[in-house]
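In the working numbering, the protein residues as written are 233 to 398.
In structure tokens, the structure reads:
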């Protein structure tokens, strides 16, 4: 189940739901353990591959390519820059403020005009419940994760991503 909380936007005078992340992020070791239980690859093999994945992706993106992981999505570099009014003042190194990685989730289903496609990381039928901080405190700060494992406490409000519904 996923959680939301009601947020008031003073600028527009409207209430909107915002996703809430409960507990700590799931560490790569837990992901590797779960993946090794789901297939014939050992935990050590999964950890080895996941450990090398960021470097391989960075090398390809450093060559100007995007990296597509089927069922997950596509990653590519983007730049945060400041502009200059005069072309003579153009200086790439001085204008680049940050290099970022953009992630676009994979889509499943028809992708022609007028058809419906869904994001593969967003399953249909997600159960959304209102977030109640007291529920987490009564639970001792733990939440049950898929597979019955428990995670740490703490909350982190959702990013407010306007494209969170697919």
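Ideal Cβ positions, reconstructed from N, Cα and C, are used throughout, including at glycine.
Asked	Found
Sheet register partners of residue 251 (DSSP bridge)	236
Residue 360 and residue 248 closer than 8 angstroms at C-beta	no
Proximity below 8 angstroms, CB of residue 264 to CB of residue 302	no
Environment of residue 278 [buried if 16+ CB atoms lie within 10 Å]	buried
Any 3 or more C-beta pairs closer than 8 angstroms across the segment 323 to 336 and the segment 305 to 313	yes
Pair within 8 angstroms by beta-carbon distance, residue 305 and residue 336	yes
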